[in-house]
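Undergrad: Residue numbers (my numbering), protein chains in the order written: chain A, -18 to 165; chain B, -18 to 165. The beta-carbon is built from N, C-alpha and C at its ideal position, and this holds for glycine as well.
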DNA sequence: GAATATACGGGACGGCCATCCCGCTTGTCT
DNA sequence: AGACAAGCGGGATGGCCGTCCCGTATATTC
């Protein structure tokens, strides 16, 4: 097995991760790895040693954030009325996306295969989402014919990358439209 | 003023345009210009003389297709009940997108600024769409608060680039959802 | 059918970027 | 403190692609 990372390496790794998270969130997936290294104050080699590919770096970033969101989904699934729980999570994802351009890029399939990642990994968005959707459908609150891919596509729509300012009013309208569309 | 193109030049231009249309439709905007030249059986220089940039090539392709769609929109605006006319056009665009990956890329903002093109040019999608939307709203058939950007975003959602097979069933579901969401 | 402008082909160029590598530095362990 | 492995920086490399250029070929015109 591998020994624990040296102290400076741990610091650097954490710093890169943090800077990458901020940068991807603000500027999307198209930002060069060099730039992230520069902002983190490390060499590009340091980034690529910890994260061999750009994809793996983004994945690490996404993982942290998603783990949190998925936990929230579970909490929602426990308590509230099924339909409300579903829309609460959907709305949460929209808010997240509004603040995270990288996530939007991933959802839109620009430079990252979200589907593969979402099904393969520890956090599974699709899974937790699926449960919320299914519960809502069984309770008769949501259209019975909708599936997770539909939901994901609608989410991507709410986060349209071309919308200049993702202003709150537009988000609210989109949410209202989707909500009405998905209610049974 | 410029003289008429030489006969071979006209042929080549037309051929490039046609091949580009097919290629962009089938494989999206990420296909290299070299590849289009190769398939058209011409040199890359020939392509870039007729269309100085890749963007201008795609624009020329898009223009032809859009002109047709916009004409259809006008016809629809003339006849049917306002709400139906709007959804007929929306559905038409979804079908078009299902068969045209390039259009989907443009709508998703991947490598082309659709908004700029759509407002700047002769064909104006936004304009003709706006009229259909407005008529529907005035007739009380559509939500009064929706705007064109919302509609465009919903369309982009219906055409989610990550959906492997844009199967007809999924398209129908998405249309049904959006329809219910937009009806007043 | 010769003269001339027009267009062609496709190689060259330059920019961008992810990834790899290696000489040097710095933490770690005794 | 000294030795050694672990990690660092950032330049080098290679691939991809859009665009430009120019020597050659061909349509047009007289």
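Could you tell me whether any Cβ in chain A is nearer than 8 Å to the Cβ of residue 95 (chain B)?
TA: Answer yes: the Cβ-Cβ gap between residue 95 (chain B) and chain A drops below 8 Å somewhere.
Undergrad: Tell me the start and end of each unbroken beta strand (DSSP E) in the segment 93 to 146 of chain B that is at least 3 residues and wholly inside, in chain order.
TA: Runs of the beta strand (DSSP E) inside the segment 93 to 146 of chain B: none found.
Undergrad: For residue 15 (chain B), is the classification buried or exposed, using 16 other Cβ atoms within 10 angstroms of its Cβ as the cut-off for buried?
TA: Counting Cβ neighbours within 10 Å, residue 15 (chain B) comes out exposed, since fewer than 16 surround it.
Undergrad: Indicate whether residue 156 (chain A) and residue 85 (chain A) have their beta-carbon atoms separated by less than 8 Å.
TA: Contact: no.
Undergrad: Could you list which residues in chain A have their beta carbon closer than 9 Å to that of residue 83 (chain B), in chain order?
TA: Ordered by position in chain A, no residue passes the 9 Å Cβ test against residue 83 (chain B), which lies about 15 Å from the chain.
Undergrad: Taking 6 Å as the limit between beta carbons, can you name the residues of its chain near residue 142 (chain B), skipping five residues before and five after?
TA: Counting only Cβ-Cβ distances below 6 Å, and skipping sequence neighbours, we find 85 and 89.
Undergrad: Name the two residues that bound the continuous alpha helix (DSSP H) containing residue 53 (chain A).
TA: Looking at the DSSP string, the run of the alpha helix (DSSP H) that includes residue 53 (chain A) is 35 to 59.
Undergrad: Would residue 58 (chain A) and residue 66 (chain A) qualify as a contact pair, given that the criterion is a beta-carbon distance under 8 Å?
TA: Yes, Cβ-Cβ distance for residue 58 (chain A) and residue 66 (chain A) is below 8 Å.
Undergrad: Looking at residue -7 (chain B): is its Cβ nearer than 8 Å to the Cβ of residue 34 (chain B)?
TA: Not in contact: residue -7 (chain B) and residue 34 (chain B) (Cβ atoms no closer than 8 Å).
Undergrad: Compute the Euclidean distance between the alpha carbons of residue 161 (chain A) and residue 19 (chain B), then round it to the nearest angstrom.
TA: Roughly 49 Å between the two C-alpha positions.
Undergrad: For residue 164 (chain B), does the three-state DSSP call read helix, strand or coil?
TA: Of the three classes helix, strand and coil, the one that applies to residue 164 (chain B) here is strand, per DSSP.
Undergrad: Below 9 Å between beta carbons is the criterion; list the residues of the segment 36 to 64 of chain A that meet it against any residue of chain B, in chain order.
TA: Within the segment 36 to 64 of chain A, no residue qualifies.
Undergrad: For residue 95 (chain A), which option in A:40, A:56 and A:153 has the closest C-alpha, if you only look at C-alpha atoms?
TA: Among A:40, A:56 and A:153, the Cα nearest to that of residue 95 (chain A) belongs to A:40.
Undergrad: I'd like the span of the alpha helix (DSSP H) that includes residue 28 (chain A), first residue to last.
TA: Segment 25 to 31, the alpha helix (DSSP H) holding residue 28 (chain A).
Undergrad: Would you kindly check if the distance between the Cβ of residue 122 (chain A) and the Cβ of residue 61 (chain A) is under 8 Å?
TA: It is not a contact, given that the beta carbons lie outside the stated cut-off.
Undergrad: May I ask you to list, following chain order, the residues of the segment 108 to 126 of chain A that have a beta carbon less than 8 Å from some beta carbon of chain B?
TA: Per Cβ criterion, the list reads 124 and 126.
Undergrad: Is the distance from the Cβ of residue 147 (chain B) to the Cβ of residue 54 (chain B) below 8 Å?
TA: Their beta carbons are not under 8 Å apart, which means residue 147 (chain B) does not touch residue 54 (chain B) by this criterion.
Undergrad: Put residue 11 (chain A) into one of helix, strand or coil per three-state DSSP.
TA: Coil.
Undergrad: Of all the CB atoms in chain A, is at least one closer than 8 Å to the CB of residue 159 (chain B)?
TA: Output row for residue 159 (chain B): interface = yes.
Undergrad: Do residue 132 (chain A) and residue 51 (chain A) have their C-beta atoms within less than 8 Å of each other?
TA: No, the Cβ-Cβ distance between residue 132 (chain A) and residue 51 (chain A) is not below 8 Å.
Undergrad: Using 8 Å as the limit for Cβ to Cβ distance, is residue 90 (chain A) near chain B?
TA: Residue 90 (chain A) counts as touching chain B.
Undergrad: With DSSP run on the structure shown, which of helix, strand or coil describes residue -15 (chain A)?
TA: Note: residue -15 (chain A) maps to coil in three-state DSSP.
Undergrad: Please confirm if residue 151 (chain B) has its CB atom under 8 Å from at least one CB of chain A.
TA: Taking Cβ atoms only, chain A reaches closer than 8 Å to residue 151 (chain B), which makes this a yes.
Undergrad: If residue 152 (chain A) and residue 75 (chain A) are in contact, beta carbons under 8 Å, what's the gap, nearest whole angstrom?
TA: The Cβ separation is near 6 Å, so the contact holds.
Undergrad: Determine the closest residue to residue 70 (chain B) out of B:38, B:29, B:32 and B:117, with distance taken between C-alpha atoms.
TA: With distances taken between Cα atoms, residue 70 (chain B) lies closest to B:117.
Undergrad: Any C-beta of chain B sitting closer than 8 Å to the C-beta of residue -6 (chain A)?
TA: No, residue -6 (chain A) does not count as interfacial toward chain B.
Undergrad: Could you give the DSSP three-state label for residue 21 (chain A): helix, strand or coil?
TA: The answer is helix: DSSP assigns residue 21 (chain A) an H, G or I state.
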